[in-house]
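Engineer:
Number of protein chains: 2
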Amino acid sequence: MSQNIPRRDFIKNTGLAGLSVGLSVNTIKAFAPEQMTKVRLGMIGVGLRGQSHLEMLLGRKDVEVVAMADPDERSLASARQLVAKSGKKAAVEYGKGNTDYKNLLKRTDIDAVLIASPWEWHIIQAIDAMNVGKIPGVEVCGAIKLQDCWDVVNTSEKTKVPAMIMENVCYRRDVMAVLNMVRLGMFGELLHLQGGYEHDLRGVKFNDGITPYNSGVEFGPKAFSEARWRTQHSVDRNGELYPTHGLGPVAVMIDSNRGNRMSKLSSVSTKSRGLHRYIINHPKGGPNHPNAKVKFKLGDIVTTQIQTTNGETIVLTHDTSSPRPYNLGFRVQGTNGIWQDNHAGEPNAGLIYFEDKSKPHTWENTKSYMDQYDHPIWKRFDKEAAGAGGEGGMDFFVENAFIECIKRKTEFPLDVYDLATLYSITPLSEKSIIEGGQVQNIPDFTRGKWQTRKPIFCTGHNDY
Amino acid sequence: MSQNIPRRDFIKNTGLAGLSVGLSVNTIKAFAPEQMTKVRLGMIGVGLRGQSHLEMLLGRKDVEVVAMADPDERSLASARQLVAKSGKKAAVEYGKGNTDYKNLLKRTDIDAVLIASPWEWHIIQAIDAMNVGKIPGVEVCGAIKLQDCWDVVNTSEKTKVPAMIMENVCYRRDVMAVLNMVRLGMFGELLHLQGGYEHDLRGVKFNDGITPYNSGVEFGPKAFSEARWRTQHSVDRNGELYPTHGLGPVAVMIDSNRGNRMSKLSSVSTKSRGLHRYIINHPKGGPNHPNAKVKFKLGDIVTTQIQTTNGETIVLTHDTSSPRPYNLGFRVQGTNGIWQDNHAGEPNAGLIYFEDKSKPHTWENTKSYMDQYDHPIWKRFDKEAAGAGGEGGMDFFVENAFIECIKRKTEFPLDVYDLATLYSITPLSEKSIIEGGQVQNIPDFTRGKWQTRKPIFCTGHNDY
Chain C
1 MSQNIPRRDF
11 IKNTGLAGLS
21 VGLSVNTIKA
31 FAPEQMTKVR
41 LGMIGVGLRG
51 QSHLEMLLGR
61 KDVEVVAMAD
71 PDERSLASAR
81 QLVAKSGKKA
91 AVEYGKGNTD
101 YKNLLKRTDI
111 DAVLIASPWE
121 WHIIQAIDAM
131 NVGKIPGVEV
141 CGAIKLQDCW
151 DVVNTSEKTK
161 VPAMIMENVC
171 YRRDVMAVLN
181 MVRLGMFGEL
191 LHLQGGYEHD
201 LRGVKFNDGI
211 TPYNSGVEFG
221 PKAFSEARWR
231 TQHSVDRNGE
241 LYPTHGLGPV
251 AVMIDSNRGN
261 RMSKLSSVST
271 KSRGLHRYII
281 NHPKGGPNHP
291 NAKVKFKLGD
301 IVTTQIQTTN
311 GETIVLTHDT
321 SSPRPYNLGF
331 RVQGTNGIWQ
341 DNHAGEPNAG
351 LIYFEDKSKP
361 HTWENTKSYM
371 DQYDHPIWKR
381 FDKEAAGAGG
391 EGGMDFFVEN
401 AFIECIKRKT
411 EFPLDVYDLA
421 TLYSITPLSE
431 KSIIEGGQVQ
441 NIPDFTRGKW
451 QTRKPIFCTG
461 HNDY
Chain B
465 MSQNIPRRDF
475 IKNTGLAGLS
485 VGLSVNTIKA
495 FAPEQMTKVR
505 LGMIGVGLRG
515 QSHLEMLLGR
525 KDVEVVAMAD
535 PDERSLASAR
545 QLVAKSGKKA
555 AVEYGKGNTD
565 YKNLLKRTDI
575 DAVLIASPWE
585 WHIIQAIDAM
595 NVGKIPGVEV
605 CGAIKLQDCW
615 DVVNTSEKTK
625 VPAMIMENVC
635 YRRDVMAVLN
645 MVRLGMFGEL
655 LHLQGGYEHD
665 LRGVKFNDGI
675 TPYNSGVEFG
685 PKAFSEARWR
695 TQHSVDRNGE
705 LYPTHGLGPV
715 AVMIDSNRGN
725 RMSKLSSVST
735 KSRGLHRYII
745 NHPKGGPNHP
755 NAKVKFKLGD
765 IVTTQIQTTN
775 GETIVLTHDT
785 SSPRPYNLGF
795 RVQGTNGIWQ
805 DNHAGEPNAG
815 LIYFEDKSKP
825 HTWENTKSYM
835 DQYDHPIWKR
845 FDKEAAGAGG
855 EGGMDFFVEN
865 AFIECIKRKT
875 EFPLDVYDLA
885 TLYSITPLSE
895 KSIIEGGQVQ
905 NIPDFTRGKW
915 QTRKPIFCTG
925 HNDY
């Protein structure tokens, strides 16, 4: 690979790309040896989120950022500076419009791409990447349409190129401690889980075109960064638009697609008020600002009930247009205990209760449990994760998993079926809301393989 | 009334019973004068809950407990002792089986009845009471079948006898402070609300036939108190079996049946594990205990999504079979703020946030808000409520409203339409779960009157 073996030959020779399809966890050795020492990476999308990934990946000795694509010159310039600052070789740039990433994909010196582009490009670019033998790591969002989810699965199965969904909250320290407690059986049999994206994004969805956050009421072409593209989704769509941060960790805990399956959902939405209100109350907005006339379709709070084949239920909340403290609202409840998260992942900010440990009917603070059951992977990589920064160290883990699995030719812990399943929540929730909350079937993207696939996310076999 | 005017003449002469049908809030004078100085009461059901009401009502000078009905001699005996202890005249007893309450209802010296019987009797007895001109105050639960809800409404409209649902949590001190804040506009326009009955009732659903709580694994005929009848509902039914404590306060805040209406619901249920597990793990149970063979239909956690005509959404949780601290799980969220309740109503145990008051993106403790916005009715009756005891003073308020509204011939703050609406959640949720979570329409029990009815619950006009 890093010795310039053409990519397609690599795929053929090593069979790496087939891992996510055919390999069972039993055949994976713990800490499988490296098959390649360096991953040659292309970045697709180097906006603020892509730059955050880029900065961390530049710090890795086992990553070479060969090229990067972004139609926005300001983003490319910032990314270029990050590469220069790192002392590494300049990355080849592809900045000629939205489709120049296709030229990046034509390179023969790239093994994988990290996709951190606007939502509507994720699946298109992931599919394009797999079709030319590049392994995509795909940032999170929801699918634009349900067929996208099938297309990404079908392409991966056809090309035998794996894909990973870069869901970092699965690696949040308190979430992983709770996962550890779940697997130790401390909660008993799981019954009910909750999660969400409850994050006041109004200052992200609008800006002044220069400063990305809290600077104005523009969106679309007059805005910068996420407000340029993300906000239009709130104009055009009403649904669970950002399901993965809340649902990804829960999906891991219930062994989604690995012995269990999320099978049905039903979504409801409140009226839409927050974004309009933000515009008319903002010092740079007001009732006469042109954007005060925009009708936002996205309800302020969207709630989704999910049923699983194993009999758990999940409540997922999307809440990004209202004033509120950040809280992903996790709840994990089983026959022996319950965890309730009300803050932003601080170890001492949750409530927990175990029948065989706690004073009857009385919440305990989470701190001592978070310390005692800190997941082994966090103990192992504490220094690297903390040193690397990036959303409380979570980004270190999700990038590390992506890179190490490629190097070691082992299965991704969050694979193309997880990608399709988590992404599918969005179009299914939109359809449910249009139908007044009617239940939608969640497709089985594994086509039955969920019944025999074994849990793999940080199970001790392949802990990246 | 207390001068032995026959009940039916009273109804005819005063028109009291028509209040809930025809009277608008505008015609009610603040602190309407008493039309009668004493309410002559019959108790139907004097188990532990009925005795709690009885004890408080015996402390009131404006209540005369004339009679009481209960088929259980042990309950009657305890109630008899409470009356004796109060120094008041002994109540006439009706203890000959389940239908002896009908003889109590034949008395001409009773104005009203308080119904605290097993769930399956509430609507039957309320209808029987109205049909003989007695005003029922009905303890909370959910309906056995949807038609019950129509029957109670139709009977009240036909007889012109009002009915009150005795939902005490509407009067919880923190809940009323939040209601106060809602009405002061502090939350902005309401968007999303949550509530539930999240209460580990395993030690209530089973006992040893002698001691009511935490004493064994019997239910049905071999058990005492609630375990004798309540647990069978967990065998026979899967749904939101106890909706009113979580939903009542929320319904008041959104002006349910008074300018707004809960219009649709969808329910999902987890598997059923907790009650079986309790039996097999209990020292008096075990895997060979006969009750270990019982199949419980009730899922451990039932979640219900509710939509309203005004565009709010509500999530309601029923969670009574798992180890967990008590928490009704209230959340009130509007365009300007959010309240999250995680404990049992302690003023300093919640989280709150207002855009125009709080440090950005940061929860505040609720204490200072609960103190500052303590509802005027709690300030007014603080001494009586605290002195009376009874579930944190809530019972004082719900009883006081029942008695004072009868004395003053004013509308009940929680009327027959609220009773029908809140009770209807149960059979509708059962149907939804049977249909895999499909949406059910919640009937308009007001037959359109919700569009013009004005809020009345502690609005300052008639604050009981």
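Chains C and B, in that order, are what the protein sequence lines are. For the first sequence, the positions run 1 to 464 when the working numbering is used. For the second sequence, the positions run 465 to 928 when the working numbering is used. Every residue, glycine too, gets a C-beta built ideally from N, C-alpha and C.
Pairing CB atoms from the stretch 555 to 572 of chain B with CB atoms from the stretch 527 to 544 of chain B, are three or more of them under 8 Å?
Structural biologist: yes
Engineer: Flag this pair as yes or no: are the beta carbons of C:Tyr171 and C:Val416 separated by less than 7 Å?
Structural biologist: no
Engineer: If I measure Cβ to Cβ from B:Asp592 and keep anything under 8 Å in the same chain, skipping five residues before and after, which residues do I get?
Structural biologist: Tyr565, Lys566, Leu569
Engineer: Going by Cα to Cα distance, which pick from B:Asn800, B:Gly793, B:Lys821, B:Thr799 is closest to B:Ala808?
Structural biologist: B:Gly793
Engineer: Would you report the Cα separation of B:His517 and B:Gly511, rounded to the nearest angstrom?
Structural biologist: 10 Å
Engineer: Taking a contact to mean a Cβ-Cβ separation below 7 Å, would you say C:Val152 touches C:Ile123 in this structure?
Structural biologist: yes
Engineer: Less than 7 Å between C-beta atoms, sequence neighbours within five positions excluded: which residues of the same chain meet that for B:Asn721?
Structural biologist: Tyr881, Asp882, Thr885, Thr910, Trp914, Arg917
Engineer: Would you list, in sequence order, the uninterrupted alpha helix (DSSP H) runs of no fewer than 4 residues that lie entirely inside the stretch 784 to 840 of chain B?
Structural biologist: Counting only runs of 4 or more, we get 831 to 836.
Engineer: Here's a check: name, in chain order, each residue in its chain whose Cβ is nearer than 7 Å to the Cβ of C:Ser424, leaving out the five neighbours to either side.
Structural biologist: Ala143, Leu146, Cys149, Ile442, Pro443
Engineer: For the candidate residues B:Lys821, B:Asp805, B:Met726, B:Gly857, whose alpha-carbon lies nearest to that of B:Gly912?
Structural biologist: Closest option to B:Gly912, Cα to Cα, is B:Met726.
Engineer: Determine the chain B residues that contact C:Arg277 at a beta-carbon separation under 7 Å, and present them in chain order.
Structural biologist: Chain B residues near C:Arg277: Thr799.
Engineer: Within 7 Å (strictly less), CB to CB, does C:His192 reach chain B?
Structural biologist: Yes, contact with chain B.
Engineer: Under DSSP, the beta strand (DSSP E) around B:Lys871 begins and ends at which residues?
Structural biologist: First-last for B:Lys871: 858 to 872, but that is the alpha helix (DSSP H), not the beta strand (DSSP E).
Engineer: If we ignore side chains and look at the alpha-carbon of each, how far apart do B:Thr781 and B:Glu704 end up?
Structural biologist: If I take the Cα positions, the gap works out to 8 Å.
Engineer: In angstroms with no decimal places, state the Cα-to-Cα distance between B:Phe921 and B:Gly509.
Structural biologist: 27 Å
Engineer: Among all the DSSP beta bridges, which residues are the ones paired with C:Glu218?
Structural biologist: C:Asn207
Engineer: Excluding the five sequence neighbours on either side, which residues of its own chain have a C-beta within less than 6 Å of the C-beta of B:Pro919, listed in chain order?
Structural biologist: Asp719, Arg722
Engineer: Go ahead and pull the three-state DSSP assignment for C:Gln307.
Structural biologist: Correct three-state label for C:Gln307: strand.
Engineer: Is C:Thr362 closer than 7 Å to B:Pro789 when the C-beta atoms are compared?
Structural biologist: Going by C-beta atoms, B:Pro789 is nearer than 7 Å to C:Thr362.
Engineer: By how many angstroms is the C-alpha of B:Ser581 removed from the C-alpha of B:Arg795?
Structural biologist: 31 Å
Engineer: Let me know if C:Thr304 comes out buried or exposed under the rule of 16 or more other beta-carbons within 10 Å of its beta-carbon.
Structural biologist: buried
Engineer: Here's the rule: buried if 16 or more other CB atoms are within 10 angstroms of the residue's CB, otherwise exposed. What is C:Gln467?
Structural biologist: Only positions 1 to 464 of chain C appear in this structure, which leaves residue 467 of chain C out of reach.
Engineer: In whole angstroms, what separates the C-alpha of C:Leu191 from that of C:Val315?
Structural biologist: 12 Å
Engineer: Less than 7 Å between the beta carbons of B:Thr818 and B:Met650, yes or no?
Structural biologist: Before going on, a small fix: residue 818 of chain B reads as Phe here, not Thr. Cβ distance < 7 Å, so B:Phe818 and B:Met650 count as in contact.
Engineer: Which residues in chain C sit within 8 Å of B:Glu819, going by Cβ to Cβ distance?
Structural biologist: Pro323
Engineer: Out of B:Gly659, B:Val642, B:Gly660, point me to the one whose CA is closest to B:Gly652's CA.
Structural biologist: When C-alpha distances from B:Gly652 are compared across B:Gly659, B:Val642, B:Gly660, the shortest belongs to B:Val642.
Engineer: Within 7 Å of any Cβ in chain B, is that where the Cβ of C:His282 sits?
Structural biologist: no
Engineer: Taking the beta carbon of B:Thr572 as the centre, do at least 16 other beta carbons fall within 10 Å, making it buried, or is it exposed?
Structural biologist: By the neighbour-count rule (16 or more Cβ atoms within 10 Å), B:Thr572 is not buried but exposed.
Engineer: Residues in the same chain with beta-carbon distance under 8 Å from C:Leu82, minus the five sequence neighbours each way, listed in chain order, please.
Structural biologist: Gln51, Leu54, Glu55, Leu58
Engineer: Given this structure, state the Cα-to-Cα distance separating B:Ile816 from B:Val646, to the nearest angstrom.
Structural biologist: 13 Å
Engineer: Can you give the Cα-Cα distance for B:Leu487 and B:Gln589, rounded to whole angstroms?
Structural biologist: Legend: pLDDT at B:Leu487 = 36, less than 50; position of this residue unreliable, value from coordinates given subsequently. So the alpha carbons of these two residues sit roughly 25 Å apart.
Engineer: So C:Val175 and C:Pro249 are supposed to be a Cβ contact under 8 Å. How far apart are they, rounded?
Structural biologist: That pair is a contact at about 5 Å.
Engineer: Using a cut-off of 7 Å between C-beta atoms, extract the partners of C:Leu351 located in chain B.
Structural biologist: Asn806
Engineer: Leaving out five residues on either side along the sequence, give the residues of the same chain with a beta carbon under 6 Å from the beta carbon of B:Gly425.
Structural biologist: What the structure shows of chain B is the stretch from 465 to 928, and residue 425 of chain B is not part of that stretch, so it cannot be assessed.
Engineer: Mind listing the chain A neighbours of B:Ser733? Cutoff is C-beta to C-beta under 9 Å, in chain order.
Structural biologist: No chain A is present in this structure, whose protein chains are C and B.
Engineer: Under DSSP, the beta strand (DSSP E) around B:Gln915 begins and ends at which residues?
Structural biologist: Careful: B:Gln915 lies outside any beta strand (DSSP E) and carries neither H nor E.
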